[in-house]
Structures are given as structure tokens and as C-alpha cells.
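Chemist: Read in order, the letters of the sequence shown correspond to residues 2 to 147 in our numbering.
All C-beta atoms, glycine included, are put in the ideal place defined by N, C-alpha and C.
Every value quoted in this text rests on a predicted model; they were computed, and no experiment measured them.
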Amino acid sequence: PEDHQPPKWFSHGCPVDGQCKTESVIYSAEVKSDSGTMNYIGLTGDSFKTRYNGHTKTFRKKVGEKTTLSSYIHELEESKINYELHWKIRHKAATYKPGASYCDLCNREKVEILLSDPQTTLNQRTELLEMCRHRHRYKLQRLNPD
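1. Could you give the residue range of the alpha helix (DSSP H) that holds V112?
2. For I114, count neighbouring Cβ atoms within 10 angstroms of its own Cβ and tell me buried if that reaches 16, exposed if not.
3. May I ask you to check if the CB of G19 is nearer than 7 Å to at least one heavy atom of the ligand PLP?
4. To test your reading of the DSSP string, which unbroken beta strand (DSSP E) runs of 3 or more residues are found completely within the segment 66–94?
5. Using the C-alpha atoms, what's the distance from V32 back to T96?
6. Report all residues from its chain with a CB closer than 7 Å to the CB of F49; omit the five preceding and five following residues, and keep chain order.
7. Tell me, please, which residues DSSP counts as bridged to K33.
8. Could you spell out the range, first to last residue, of the alpha helix (DSSP H) harbouring Y97?
9. Take K111 as the anchor and find which of I42, G65 and G37 has the nearest alpha-carbon.
See below:
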């Protein structure tokens, strides 16, 4: 219905100033509310638009796969706390290349999380221990011999 307001996280158009199709980026989401400002740092090897759509899907569904960002948004909405959500592309970095010893994108995200204020970040420190998820697509076992 026309009188139904869109959710607070809904953005009309591209939320990062026309850079939605940029690939391999570190991004941040800033959630400003009556209870303070919290930040979330994430990465995507695909376009920002693809990852943004993944986030908005978790915002809509209260059960199933969640991120710390979507859990925080759900808490605010259930508590009926007003908030604003602002997205920003922080850095562009290369994903893992076959034969490389590291993934610049994953390392850059870890540095951003380490440098963020622990009092205002939604990221968990356990994220720093995760292996690069981009290496998996280059493993030989993924090839199907059939």
C-alpha cells in the first residue's frame, strides 16, 4: 500500500553514490540510532550491489542465515528504536589469484576490523581467524572428472 513506509534500511537507488557495480571492495555500514552509532565492516569479491542485496534479504527475514549487522537491525526494530543506515565503500582490493600466498581483499578487511573501535564495531574478533573464502574456487578437488 502507498501509506506503508519503506523499512529504514531501504535505499532509493544506489546507497554508495553510484558505485554499486564496483567489484572486490571493503565496505562499511554505519548504523546511527538513539542508542549510539555502530559500524560494520564487510567485504565482497562480487559487486557491492550483489552483497547489498544479500544484506537486505537478511534484514527482511528474521529466521535463517544472519549477519551481525542484520541481527543488530532486528534488535533495533523489535525495540522500536529509530535508526539510519549509511553505506560506504572504503577500499578496493584484489581477490585471491591462483598461486598467490594471500588474498589482499581478506587481509585488508582484517586490518580494517583490527583498526576499528571495539566499542562501536559490530564485527566479532573471531572473524580475524577465518580462512580466505576466495581460495576455494581454485582448488583442484572442485574439478569434476566425469
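Modeler: In brief:
1. D105 to L116
2. buried
3. Absence of the ligand PLP is noted for the structure shown, with no ligands found whatsoever.
4. 84–93
5. 27 Å
6. V17, Q20, C21, T23, V26, Y28 and I90
7. T38 and E85
8. From DSSP, Y97 is part of no alpha helix (DSSP H); its letter is neither H nor E.
9. I42
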